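As you go down the protein sequences, you meet chains A and B in turn.
Just so we're aligned: the first sequence equals residues 0 to 177 in our numbering.
Just so we're aligned: the second sequence equals residues 11 to 265 in our numbering.
Ideal Cβ positions, reconstructed from N, Cα and C, are used throughout, including at glycine.
Note that the structure is predicted; figures quoted are calculated from it, not measured.
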Amino acid sequence: MKLPQGRLVRRRVVSDPGTALSNALETELTGYARLESQDALLLDADGVGVLTFEDGVPVVAYHTGTDSGGRDALADIAVAGPYRLELYELAADVLADVHTTRELRVPPETPAERLASDPTLAERTREVAPDGRCDGATTKTDDEPSAVEAFLDDEEKIATIQERARAEAEERAAEWDF
Amino acid sequence: MVEAFAVASGKGGTGKTTSTLALGMALSERYDVTVIDADTGMANVLFHAGLADVETTLHDVLAGDEPATAAVYERFGMDVVPCGTSLDGFEDADPTRLRDVVADLAADTDVILLDSAAALGSKAAVLPVVLADRVVVVLQPTIPSLSDGLKVQEYAATYDTDVAGMVFNRVTDDENIDTIAAKAERYFDGETLATVPESDSVRAARRAGKPLLAHAPDSAAAAAYRQAAATLDVHAGDSAAVADRFRSAVVPADR
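Here it is in structure tokens:
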């Protein structure tokens, strides 16, 4: 997914990715959020999570480290915090092409549910989302496990987190002389 | 006889301090409990235990100005050692003295709860996990929190500190918590001690400067913490041996 850089409107380090969503919603951002992990534990240390917005409402999600899009990208972004968050403003027509890519699209409220576990923010987002915005998004069926359950079912991903944490802990223990 | 627990989460906002004091109060019905605010950079216990105005805190002890006993306050049936919030206090404090504080207080208590720093990014923050016998991991049923909890467990294992169990905190109705807890237990070495519902009582207790179990003892959240304390099987070790272990723990030279 390629986007022009746009105009930087906000930059800060955040531990909660929900901050990106609430900032975008409050400022009715049309543009994108770039979430870069500040933690060596990240599954793909070079990966960056990108979420685009139209009038403050999330449209697509992408993760550059795992090359995942849509709901899968949200799961990859969720394990990566704390983050350096940057919000960029872009013209709506620049985003049009990306926004029609079905496999990248997410329902408006899903990032708030998945990244922030914030039902209130999800509800607020759903309220301001234009009618029909869910069309074409990669949607969830009722019997599908929640994102947290899917995460816990992914033994490979958890083994990777454990291995990286162990390596980091051992490296630091040696460095700190514990 | 004493066992020391680090209450840790790897992430802020999970309700670690609330959990530490709630577990402490519930355990104090069966044990002599000492709660130490080991989050020396972002102290919180004092606000939760009505100790915001006290003269002497752990900062003074870590600065070498006061003995450990001078920062102990009997509140809500526990011995509470609050930490101060001033930047000067933090800068003057030598975190390595924490092991001596814990060793001194270990002689006279059954259970020590160390409220730990949110992130594991510094030596001082990891110290409680290094010193403790076991860790209680406070989790929210979210991907970031679970992933940070797994990280805490790996850090603990590196220092031969076991996991005593997990507290799932701030659980909302729409989360399928029983399924999530069962799935999480496959990866954690401890059992689920309790699932604590998200509750307005927790915020009200914090505003009132009281632990949850003192402010809202009949709330569902308080009941969950009492269940966690009942499930927690305290292995009280020999006090002298524990004190020796704290004193001999290799300590960081700087923050």
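{"Item": "Quick one: give me the first and last residue of the beta strand (DSSP E) that Phe150/A is part of.", "Value": "Careful: Phe150/A lies outside any beta strand (DSSP E), inside the alpha helix (DSSP H) at 146-152."}
{"Item": "At least one CB of chain A closer than 8 Å to the CB of Asn54/B: is that the case?", "Value": "no"}
{"Item": "Name the chain A residues that come within less than 7 Å of Ala194/B, Cβ to Cβ?", "Value": "Leu151"}
{"Item": "Answer yes if the segment 20-34 of chain B comes into contact with the segment 225-236 of chain B, meaning at least three C-beta pairs across the two stretches below 8 Å, and no otherwise.", "Value": "yes"}
{"Item": "Could you spell out where the alpha helix (DSSP H) holding Tyr165/B opens and where it closes?", "Value": "153-168"}
{"Item": "Can you give, in chain order, each stretch of the beta strand (DSSP E) that sits fully within the segment 83-152 of chain B and has at least 3 residues?", "Value": "83-85, 88-91, 121-125, 144-149"}
{"Item": "Within 10 Å of its beta-carbon, does Ala253/B have 16 or more other beta-carbons around it, so buried, or fewer, so exposed?", "Value": "buried"}
{"Item": "Where Glu25/A and Glu164/B are concerned, what is the direct C-alpha to C-alpha distance, given to the nearest angstrom?", "Value": "38 Å"}
{"Item": "Can you tell me which residues form a DSSP beta bridge with Ile46/B?", "Value": "Val91/B, Leu124/B"}
{"Item": "Decide if Ala263/B is buried, meaning its Cβ has at least 16 other Cβ atoms within 10 Å, or exposed.", "Value": "In this prediction, Ala263/B scores a pLDDT of 45, lower than 50, which makes its location untrustworthy; the coordinate-derived value is nonetheless stated afterwards. So Ala263/B ends up on the exposed side."}
{"Item": "Taking 8 Å as the threshold, find out whether the segment 151-167 of chain A comes into contact with the segment 201-210 of chain B through three or more Cβ pairs.", "Value": "no"}
{"Item": "Evaluate contact between the segment 94-102 of chain B and the segment 150-157 of chain A, counting only Cβ atoms and requiring at least three cross-stretch pairs below 8 Å.", "Value": "no"}
{"Item": "State the Cα-Cα distance for the pair Ala172/A and Thr168/B, rounded to the nearest angstrom.", "Value": "8 Å"}
{"Item": "For the segment 185-249 of chain B, list the beta strand (DSSP E) runs that are entirely contained and at least 3 residues long, ordered along the chain.", "Value": "201-207"}
{"Item": "Spatial neighbours of Leu103/A within its chain, please: CB distance less than 6 Å, with the 5 preceding and 5 following residues excluded, ordered by chain position.", "Value": "Val59, Tyr61, Gly68, Gly69"}
{"Item": "Against Leu156/B, what residues of chain A qualify as contacts under a CB-to-CB distance less than 8 Å, listed in chain order?", "Value": "Val147, Phe150, Leu151"}
{"Item": "Name the chain B residues that come within less than 7 Å of Pro118/A, Cβ to Cβ?", "Value": "Thr182, Asp184"}
{"Item": "Would you tell me roughly how many angstroms separate the C-alpha atoms of Ser155/B and Ser145/A, rounded to the nearest one?", "Value": "15 Å"}
{"Item": "Say whether chain A places a C-beta atom closer than 8 Å to the C-beta of Lys26/B.", "Value": "no"}
{"Item": "Measuring straight from C-alpha to C-alpha, what distance separates Met11/B and Glu148/A?", "Value": "40 Å"}
{"Item": "Residues in its own chain within less than 7 Å of Pro110/A by CB, not counting five upstream and five downstream?", "Value": "Leu20, Leu50, Pro57, Ala60, Leu73"}
{"Item": "Does the segment 220-227 of chain B come into contact with the segment 16-23 of chain B, if we say contact requires no fewer than three beta-carbon pairs (one atom in each stretch) closer than 8 Å?", "Value": "no"}
{"Item": "In angstroms with no decimal places, state the Cα-to-Cα distance between Asp114/B and Pro138/B.", "Value": "15 Å"}
{"Item": "Ala59/B: which of Asp110/B, Tyr41/B, Val177/B, Ile46/B sits nearest, CA to CA?", "Value": "Ile46/B"}
{"Item": "By DSSP, does Asn22/A sit in helix, in strand, or in coil?", "Value": "helix"}
{"Item": "Hey, could you find the ends of the beta strand (DSSP E) Arg129/A is sitting in?", "Value": "Note that residue 129/A corresponds to Pro in the displayed sequence, not to Arg. Per DSSP, Pro129/A belongs to no beta strand (DSSP E) and is neither H nor E."}
{"Item": "Run through chain A and tell me which residues come within less than 7 Å of Glu164/B, C-beta to C-beta.", "Value": "Gln161, Ala164, Arg165, Ala168"}
{"Item": "Please classify Gly25/B as buried or exposed, where buried requires at least 16 other C-beta atoms within 10 Å of its C-beta.", "Value": "buried"}
{"Item": "Which stretch, first to last residue, makes up the beta strand (DSSP E) that contains Arg33/A?", "Value": "30-36"}
{"Item": "Check whether the Cβ atoms of Leu84/A and Val13/A sit closer than 8 Å, and answer yes or no.", "Value": "yes"}
{"Item": "Since Ser36/A meets chain B, which of its residues come closer than 7 Å, beta carbon to beta carbon?", "Value": "Within chain B, no residue comes near Ser36/A; the closest Cβ sits about 11 Å away, beyond 7 Å."}
{"Item": "To the nearest angstrom, how far is it from the Cα of Arg40/B to the Cα of Asp228/B?", "Value": "19 Å"}
{"Item": "Suppose contacts are defined by Cβ-Cβ distances below 8 Å. Is Val145/B in contact with Val173/B by that definition?", "Value": "yes"}
{"Item": "Using only the heavy atoms of the ligand GDP, determine whether one of them is closer than 7 Å to the beta carbon of Leu124/B.", "Value": "Annotation note on the ligand GDP: not contained in the displayed structure, which lists no ligands."}
{"Item": "In chain B, which residues lie with their C-beta within 7 Å of the C-beta of Ala77/A?", "Value": "Ile153, Pro154"}
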